[in-house]
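> Take 303 as the starting number for the sequence shown in this note's numbering and just add one per residue.
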Amino acid sequence: MRSIIMKRRHRNQVGAAFIVASLLTAISVTLFSTLLPMTNVSAAETNAEGKAAAEAELKLDEGKEYHAYMLFQAQNSWVYRGKFWEADKGPKNDNWDKLLTSLNVTTPVVVDGVVEDAVIKGNGHYSVRLTGLNGSPSAGADNAEFGILGFSTDIPKNDTIKFDNIKVKIDGTEKGTVTGNDVYYDKDDIEDPGLITVEVFNAWHEECVNLPLTLPNDSLEISFDVSGFQYDNPDAKNPTDDNTLDQNTADKNDQEDSAGQNDNGSTKNDKKNNKALPITIAVIIILVLIGGGVYLLMKKDNN
303 MRSIIMKRRH RNQVGAAFIV ASLLTAISVT LFSTLLPMTN VSAAETNAEG KAAAEAELKL
363 DEGKEYHAYM LFQAQNSWVY RGKFWEADKG PKNDNWDKLL TSLNVTTPVV VDGVVEDAVI
423 KGNGHYSVRL TGLNGSPSAG ADNAEFGILG FSTDIPKNDT IKFDNIKVKI DGTEKGTVTG
483 NDVYYDKDDI EDPGLITVEV FNAWHEECVN LPLTLPNDSL EISFDVSGFQ YDNPDAKNPT
543 DDNTLDQNTA DKNDQEDSAG QNDNGSTKND KKNNKALPIT IAVIIILVLI GGGVYLLMKK
603 DNN
């Protein structure tokens, strides 16, 4: 009789443990489905223009033009301007030259803002801009903040063309500069589709030197120097210094001589916006709950 009772108790313990584990698994799936979009930027399909640009031979001589396209994403308000090569956001999209938001809508809608891209014609100083924002990047979200900021290009991956002295102005005020070895070329875009994207902020890539930025209210400008072409663009000089290109060359040589030491004064975000932390915490909590629940049920049955 005692043996039968023990077997029944054991089956009850196993059944109770299974029920608890099933419930907590269901909770974990729900939790992951909520947190996962915060930690990853899903890979986008490459459009025809992006594929053609990535497969094209790099041209450095005079007469070839490339482009830098403003890249912008605000978290929580989900106001954005996507990448040149993304199928659902690129030049074939009717609203490619506008800012959009996907917050609380099934189809993205246009918000205030004028997008200005840059045509790169040789070595020189260029800018991409957003103007006339009227507070649209926040889109009424109190907790809105940068997710990504930079510019995508139609330049195929290479080791010749370099970007430097990347300066950010928000509402007319300088907010930071990234230079030398701190310039971040998006690792995912280099791999696929094989194009250059430069970023000064990427909440999902800890390798990026994330400048301490707040969303603009009216305007945003990213200026930068380009080198590596076989000719200079006389119309693309830094308006504050006619000797910008010569100085950039000297600075670059100094940086190479210093073996990559990051002493240029740019600020890194110590937090690095590591969005994987909530997932780690969630996993620990779930494991503790499962173990604790099973333990308590078995202890109760044994009593």
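A virtual CB, placed ideally from N, CA and C, is assigned to each residue, including glycine.
Are any of the Cβ atoms in chain D nearer than 7 Å to that of T433?
The chain labelled as chain D is not found in the depicted structure, where only one protein chain is given.
> Compute the Euclidean distance between the alpha carbons of L451 and V417, then round it to the nearest angstrom.
14 Å
> Taking the alpha-carbon of P439 as reference, which of G365, H369, N378, A356 has the nearest alpha-carbon?
N378
> Between K391 and D494, what straight-line distance do the alpha-carbon atoms span, to the nearest angstrom?
16 Å
> Kindly indicate which three-state DSSP category A443 falls into: helix, strand or coil?
coil
> Any idea which residues DSSP pairs I498 with across the strands?
In the DSSP output, where bridge partners are listed per residue, I498 has none listed.
> In its own chain, which residues sit with a C-beta less than 7 Å from the C-beta of E509, not counting the 5 before and 5 after it?
Answer for E509: Y486, K489, listed in chain order.
> Can T607 and I498 be called in contact, C-beta distance under 7 Å?
Outside the displayed span of the chain (303 to 605) sits residue 607, for which this structure offers no information.
> Pull up the distance between the alpha-carbon of F386 and that of G352, whole angstroms please.
7 Å
> Output the distance between the C-alpha atoms of E447 and P514, rounded to the nearest integer angstrom.
Inter-residue distance for E447 and P514 is about 11 Å (C-alpha atoms, whole angstroms).
> Are the stretch 359-369 and the stretch 464-476 in contact at 8 Å, needing three or more beta carbon pairs?
no
> Using the Cα positions of D363 and Y382, report the straight-line distance between them to the nearest angstrom.
34 Å
> With DSSP as the reference, identify every bridge partner of Y428, one or two as the case may be.
DSSP links Y428 through a beta bridge to F526.
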